[in-house]
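Accompanying notes for the structure given below.
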Amino acid sequence: MSEAGTKTMTMIQAINSALDVMMGRDRMVTVMGEDVGFFGGVFRATAGLQAKYGHTRVFDTPITECGIIGVAIGMGAYGLRPVPEIQFADYIYPALDQLVSEAARLRYRSAGEFTAPITVRSPFGGGIFGGQTHSQSPEGIFTHCSGIKTVIPSTPYDAKGLLIAAIEDNDPVLFFEPKRLYNGPFHGHYDRPVTGWAGHPAAEVPEGYYRVDLASAATVRPGQDVTILAYGTMVHVAATTVAEMADTDEAVDAEIIDLRTLIPLDIETIVASVQKTGRCLIVHEATRTGGFGAELAAQVQERCFHHLEAPVARVTGFDTPYPHSLEWAYFPGPVRIREALRQLMRD
């Protein structure tokens, strides 16, 4: 404890705190998923909640993602606010039809008579040597689907505030949690050794209730030369890269925008930044083709064309399954980001 009302928390602790706060405030909030009860989840995000709130509000489910989401939709339609967990984002595909054909369309199809106030939590992304079936970033699939909100925090403070806002939302929200950030900074290397870390393993987080409103991007670092758009783990990778370049003759005064919510998108913050800097680099871990970066590039081009000094650039994962042994070559890291910044500044 550093001061009254706040506590130093990792992201996993902040997520647990958000669930605890909301279950205490609203008896309609329930937590469900594989191993979320007694075990507390594979990453311990739900640790202690079943003991505190009982087996009817925090309960384990069978290994059936379509069943988990289908039940959650029914619960939500009849007044509950379920928070189902998909143990890894890689496992969400069996639930795709329930999410995009049922949850996303329920309000529209019923003319507002029913809603699906469900918040689907799921760890996503790589960086823990999970290989091709525990490292995927499927956010682009859901940003394409009208009726679903997609949220990705990058800090403990945002993780708690955004999760509370998502649980209170009357529409379905996919809450993707960068597992690489769960317990703090990552060590080792990307595509070469990294010195320093622009983020922190933990942060001061209010212990009680607070919200970070959806559709609100954050300016992580102000700058004049180029705008970097990122979310999740890539916010910290971009910040680390810019910090490493600061003491060299290649220093770039980059403005880094943490999107936080992909849908709905805070396009006003993005446009204001790009119109100021005249250059834009988009960084995400998901595969390049059809990734959310393509949508960002299109929106920037449509709104900022006459302000751009260079083409919008992207640094992303490659169009391959996520490799295990070559994870750090796949993971967008400082070498690739630095080269993209060099090219943008030359154009």
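Reading the sequence shown from the start, the letters are residues 1 to 347 in the working numbering.
Built from N, CA and C at the ideal position, the CB exists for glycine as well.
Because the structure is a prediction, the values reported are computed rather than measured.
In or out: residue i buried (at least 16 other Cβ within 10 Å) or exposed?
i: glutamine 132; result: exposed
i: glycine 199; result: Model confidence at glycine 199 stands at a pLDDT of 46, short of 50, so the residue's coordinates are unreliable; what they give is reported in the following sentence. Result: buried.
i: threonine 248; result: exposed
i: arginine 342; result: exposed
i: glutamine 136; result: buried
i: leucine 326; result: exposed
i: serine 122; result: buried
i: glycine 333; result: buried
i: asparagine 170; result: exposed
i: valine 235; result: buried
i: glycine 84; result: According to the sequence shown, residue 84 is proline rather than glycine. Buried, by the Cβ-count rule.
i: serine 273; result: buried
i: alanine 14; result: buried
i: threonine 195; result: At threonine 195 the pLDDT is 36, less than 50, meaning the model places this residue with poor confidence; the figure from the coordinates comes in the next sentence. Counting Cβ neighbours within 10 Å, threonine 195 comes out exposed, since fewer than 16 surround it.
i: alanine 246; result: exposed
i: tyrosine 182; result: buried
i: threonine 289; result: exposed
i: glycine 54; result: exposed
i: serine 110; result: exposed
i: glutamate 339; result: exposed
i: proline 62; result: exposed
i: isoleucine 263; result: buried
Which stretch, first to last residue, makes up the alpha helix (DSSP H) that contains residue i?
i: histidine 236; result: 233-245
i: arginine 338; result: 334-346
i: threonine 115; result: Segment: none, threonine 115 is in no alpha helix (DSSP H) and carries neither H nor E.
i: threonine 155; result: First-last for threonine 155: undefined, no H or E at that position.
i: glutamine 136; result: It is not in any alpha helix (DSSP H) - glutamine 136 carries neither H nor E in the DSSP assignment.
i: glycine 67; result: 65-77
i: phenylalanine 292; result: 292-304
i: alanine 329; result: 327-330
i: alanine 51; result: 49-53
Under the DSSP definition of a beta bridge, which residues are partnered with residue i?
i: valine 226; result: Ala254
i: glutamate 85; result: Gly33, Arg121
i: valine 58; result: Val31
i: methionine 9; result: Ala203
i: alanine 218; result: Asp258
i: isoleucine 433; result: There is simply no residue 433 to check, as the chain begins at 1 and stops at 347 in what is shown.
How far does the beta strand (DSSP E) with residue i in it extend, from its first residue to its last?
i: valine 100; result: Neither: valine 100 is in no beta strand (DSSP E) and is coded neither H nor E.
i: isoleucine 282; result: 280-287
i: phenylalanine 176; result: 173-178
i: threonine 316; result: 313-317
Would residue i pass as a contact of residue j if the rule is Cβ separation under 8 Å?
i: isoleucine 12; j: arginine 44; result: yes
i: glycine 126; j: phenylalanine 331; result: yes
i: threonine 241; j: isoleucine 337; result: yes
i: alanine 238; j: valine 271; result: no
i: leucine 265; j: alanine 215; result: yes
i: alanine 297; j: arginine 314; result: yes
i: threonine 143; j: glutamate 295; result: yes
i: threonine 316; j: glycine 293; result: yes
i: aspartate 258; j: tyrosine 231; result: yes
i: glycine 33; j: glycine 40; result: no
i: cysteine 66; j: glutamine 98; result: yes
i: glutamate 102; j: alanine 286; result: no
i: glycine 184; j: threonine 10; result: yes
i: tyrosine 209; j: arginine 81; result: no
i: alanine 95; j: isoleucine 69; result: yes
i: leucine 351; j: valine 212; result: The chain is shown only over 1 to 347; residue 351 falls outside these bounds and no answer can be derived.
i: isoleucine 148; j: leucine 106; result: no
i: isoleucine 86; j: valine 120; result: yes
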